[in-house]
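Engineer:
Numbering (the numbering used here), first residue to last: 3 to 337.
1) Is it buried or exposed, residue 33, if we count other Cβ atoms within 10 angstroms and call 16 or more buried?
2) Classify residue 296 as buried or exposed, calling it buried when 16 or more other Cβ atoms lie within 10 Å of its own Cβ.
3) Given that a residue counts as buried once 16 or more other Cβ atoms are within 10 Å of its Cβ, and exposed if not, what is residue 181?
4) Relative to the C-alpha of residue 228, which candidate in 37, 45 and 38 has its C-alpha closest?
5) With 16 as the cutoff for other CB atoms within 10 Å, does residue 256 come out buried or exposed?
6) Assuming residue 188 and residue 43 make a contact with CB atoms under 8 Å, what is their CB distance in whole Å?
7) Just curious, the beta strand (DSSP E) that residue 244 is in, first and last residue?
8) Are at least three pairs of beta-carbons, each pair with one atom in the segment 203-212 and one in the segment 50-58, less than 8 Å apart?
9) Can you tell me the Cα-Cα spacing of residue 293 and residue 73, whole angstroms?
10) Just verifying my parser: in three-state terms, what is the DSSP assignment at residue 267?
11) Tell me which residue opens and which closes the beta strand (DSSP E) that residue 337 is part of.
12) Within this structure, are the beta carbons of residue 291 and residue 115 separated by less than 8 Å?
13) For residue 237, name the three-state secondary structure that DSSP assigns.
14) Should residue 36 be labelled buried (16 or more other beta-carbon atoms within 10 Å of its own) or exposed?
15) How far does the alpha helix (DSSP H) with residue 218 in it extend, from its first residue to its last?
16) Work out the CA separation of residue 166 and residue 311 for me, nearest whole Å.
17) Among residues of its own chain, excluding the 5 on either side of residue 320, which ones have a beta-carbon nearer than 6 Å to its beta-carbon?
18) Name the two residues that bound the continuous beta strand (DSSP E) containing residue 92.
19) Only counting the same chain, and skipping five residues up and downstream in sequence, which positions put a Cβ closer than 8 Å to that of residue 264?
20) So, for residue 204: in the same chain, excluding its five sequence neighbours on each side, which residues have a beta-carbon less than 6 Å away from its beta-carbon?
21) Determine the closest residue to residue 218 out of 82, 126, 157 and 194, with distance taken between C-alpha atoms.
22) Using the Cβ count rule (16 or more neighbours within 10 Å means buried), how would you classify residue 325?
23) Start and end of the alpha helix (DSSP H) containing residue 290?
24) Among 196, 104, 80 and 241, which one has its Cα closest to the Cα of residue 130?
25) Please classify residue 11: is it buried, with 16 or more other beta-carbons within 10 angstroms of its beta-carbon, or exposed?
26) Measure the C-alpha to C-alpha separation of residue 93 and residue 250 and round it to an integer number of angstroms.
27) Whole angstroms are fine: how far does the CA of residue 322 sit from the CA of residue 230?
28) Closer than 7 Å by C-beta to residue 69: which residues in its own chain qualify, once you throw out the five before and the five after it? Chain order, please.
29) Residue 106 and residue 63 - do their beta-carbons sit closer together than 8 Å?
30) Which residues in the same chain as residue 25 place their Cβ atom closer than 8 Å to its Cβ, once the five residues preceding and following it in sequence are excluded?
31) Have a look at the DSSP bridge pairing and note the partners of residue 54.
The structure is reproduced here in C-alpha cells:
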C-alpha cells in the first residue's frame with residue numbers, strides 16, 4: 003500500500019512538474035510576429051485562424067490627393083493609404099499591435115490616427131502626430147473585441163474627417179466570429195462642397211455647410227457609384243453574407259437598410275454580441291459601426307441605402323448587392 007502511495011505521489015509530482023514546465027515554456031516563449039493584411043473597401047481580410055495572440059505590425063501612410071467624388075466631380079481627399087475609406091484592418095483579441103504611421107512627403111499638413119479600438123490616451127492620436135515626410139510609432143494591446151472606427155484627430159479634427167480620413171479596424175474575438183460565406187466592408191460618410199451636388203470640376207470644402215450639417219454628398223465607400231455596376235458586391239443564393247458597416251460622419255447618423263432583405267443578426271454598434279434578430283434597418287452613429295449577417299434566399303439586385311431616403315437617391319448613399327442563382331418561388335415569385 004505504501005509503495006502504491008509512493009508511486010502515485012511521484013506521478014502526481016511529475017504531472018504537476020509537467021504542467022508547470024509547459025506553463026513556463028508558454029510564458030517564456032516568444033510571441034509570434036506577423037504583418038497585418040490590409041484591404042481596400044469593399045474587401046475584407048480573411049478571418050484569423052490562429053487561436054493565440056501575436057505581435058502584429060500595421061503600417062499605414064497618410065496621403066493627400068485629388069480623386070473622383072462623382073462623375074465629373076473631383077475633390078482633394080486626405081486619406082489613410084490613398085483610399086476613402088482607409089484600409090480595413092483585422093487583428094485578434096489579445097494581439098500586441100505595433101503601429102507605424104507615415105505621412106507622405108508631399109502632404110501639406112500633419113496627420114495622426116485615433117483608433118477607437120485602443121485603450122489609452124487619445125486612442126494613439128498624441129503618439130502619432132506626424133509631420134509631412136516623417137513617421138511615428140506606438141503600440142497597444144487589443145483588449146476589447148469588436149468593430150471600431152479609426153480617424154485622424156489632428157486639429158481641426160472636423161476638417162480632417164470631412165476630407166476622408168477614417169476607416170474600420172476589427173478586433174476579432176478570441177474564438178472568432180461565426181462562419182459566413184461572404185464578408186464586405188461598407189462605410190458611409192458625407193462631403194461638404196462649395197458647389198451643389200453634381201456641379202462639375204474640382205470642388206473645395208465648404209466650412210459653412212459642414213457647420214450647418216448640410217452635405218451635398220452622402221456616399222458609401224468614398225464616392226457616388228462606388229458599389230454599383232461592375233463595382234457591386236456579389237453573392238450566390240443560399241450564401242450567408244456579413245457586412246462590416248461604419249459611419250465616418252463627420253456629422254450624420256446612418257439608417258442602414260438593404261431593400262428586399264432582413265438582417266438575421268445585428269451586432270449593434272459594432273459589439274460582439276448578436277443582440278438583435280430579424281432587423282429591417284439599423285442605426286449607425288457618426289464615429290460608430292455595426293455588423294449585420296443575413297442569408298440570401300432568392301436572386302436579384304438588392305439595394306443598399308441610407309433610409310433617410312433623399313440621401314440615397316439624391317446625394318449618393320446607394321449600392322448594390324447582386325445575388326445570382328436559382329429562383330425559389332415558394333419564397334418570392336415576382337419579377
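Heads up, the beta-carbon is just placed ideally off N, CA and C, and yes, glycines get one too.
Structural biologist: Judging by the given coordinates:
1) In the chain shown, residue 33 corresponds to position 31, counting from 1. Flag for residue 33 reads exposed.
2) Here residue 296 is taken as the residue at index 294 of the chain shown, counted from 1. It counts as buried.
3) Your numbering for residue 181 matches position 179 in the chain shown. When all chains shown are included, residue 181 counts as exposed.
4) Looking up residue 228 in the chain shown gives position 226. Of the listed residues, the one whose Cα sits closest to residue 228 is 45.
5) Numbered from its first residue, the chain shown carries residue 256 at position 254. Buried, since its Cβ has 16 or more Cβ neighbours within 10 Å.
6) If you number the chain shown from 1, residue 188 lands on position 186. If you number the chain shown from 1, residue 43 lands on position 41. Contact holds; Cβ gap of about 7 Å.
7) Counted from its first residue, the chain shown places residue 244 at position 242. Run containing residue 244: 242-251, per the beta strand (DSSP E) assignment.
8) no
9) As a first step, residue 293 is located in the chain shown; it is residue number 291 there, counting from the start. As a first step, residue 73 is located in the chain shown; it is residue number 71 there, counting from the start. Each residue's alpha carbon lies about 30 Å from the other.
10) The residue given as residue 267 occupies position 265 in the chain shown. Of the three classes helix, strand and coil, the one that applies to residue 267 here is strand, per DSSP.
11) To locate residue 337, count along the chain shown from 1; it is residue 335. Premise fails: residue 337 is in no beta strand (DSSP E) and is neither H nor E.
12) As a first step, residue 291 is located in the chain shown; it is residue number 289 there, counting from the start. As a first step, residue 115 is located in the chain shown; it is residue number 113 there, counting from the start. Not in contact: residue 291 and residue 115 (Cβ atoms no closer than 8 Å).
13) Indexing the chain shown from 1 puts residue 237 at position 235. Looking at residue 237 - three-state DSSP - the assignment turns out to be strand.
14) Counted from its first residue, the chain shown places residue 36 at position 34. When all chains shown are included, residue 36 counts as exposed.
15) Here residue 218 refers to the residue found at position 216 of the chain shown. Note, residue 218: premise wrong, no alpha helix (DSSP H); not H, not E.
16) One-based indexing of the chain shown puts residue 311 at position 309. One-based indexing of the chain shown puts residue 166 at position 164. About 23 Å.
17) Stepping through the chain shown from its first residue, residue 320 is reached at position 318. Counting only Cβ-Cβ distances below 6 Å, and skipping sequence neighbours, we find 307 and 314.
18) On the chain shown, position 90 is the one that residue 92 refers to. Taken as a continuous stretch (DSSP letters only), the beta strand (DSSP E) holding residue 92 covers 91-94.
19) As a first step, residue 264 is located in the chain shown; it is residue number 262 there, counting from the start. Around residue 264: 280, 281, 282 and 296.
20) If you number the chain shown from 1, residue 204 lands on position 202. 76, listed in sequence order.
21) As a position in the chain shown, residue 218 is number 216, starting the count at 1. It is 194 whose Cα lies nearest to the Cα of residue 218.
22) Residue 325 sits at position 323 when you count from the first residue of the chain shown. Label assigned to residue 325: buried.
23) For the purposes of this step, residue 290 is identified with residue 288 of the chain shown, where counting begins at 1. That residue, residue 290, is in no alpha helix (DSSP H); its beta strand (DSSP E) goes 290-297.
24) Residue mapping note: residue 130 aligns to position 128 of the chain shown, counting from 1. Comparing Cα positions, the closest option is 104.
25) If you number the chain shown from 1, residue 11 lands on position 9. Bear in mind that the predicted position of residue 11 carries a pLDDT of just 44, short of 50, making it too unreliable to give a figure here.
26) Along the chain shown, one-based indexing puts residue 93 at 91. Along the chain shown, one-based indexing puts residue 250 at 248. About 20 Å.
27) By one-based count along the chain shown, residue 230 stands at place 228. By one-based count along the chain shown, residue 322 stands at place 320. Cα to Cα, residue 230 sits roughly 5 Å from residue 322.
28) Numbered from its first residue, the chain shown carries residue 69 at position 67. Excluding residues within five positions, the ones whose Cβ falls inside 7 Å are 76, 77 and 79.
29) Indexing the chain shown from 1 puts residue 63 at position 61. Indexing the chain shown from 1 puts residue 106 at position 104. A contact, by the Cβ cut-off of 8 Å.
30) Here residue 25 corresponds to residue number 23 of the chain shown, with the count starting at 1. Caution is warranted here: a pLDDT of 34 is assigned to residue 25, below 50, making its placement in the model unreliable, and the coordinate value is therefore given only provisionally. Closer than 8 Å at the Cβ level, and outside the excluded window around residue 25, lies no residue.
31) Taking the chain shown and counting its residues from 1, one reaches residue 54 at position 52. Beta-bridge pairing links residue 54 to no other residue.
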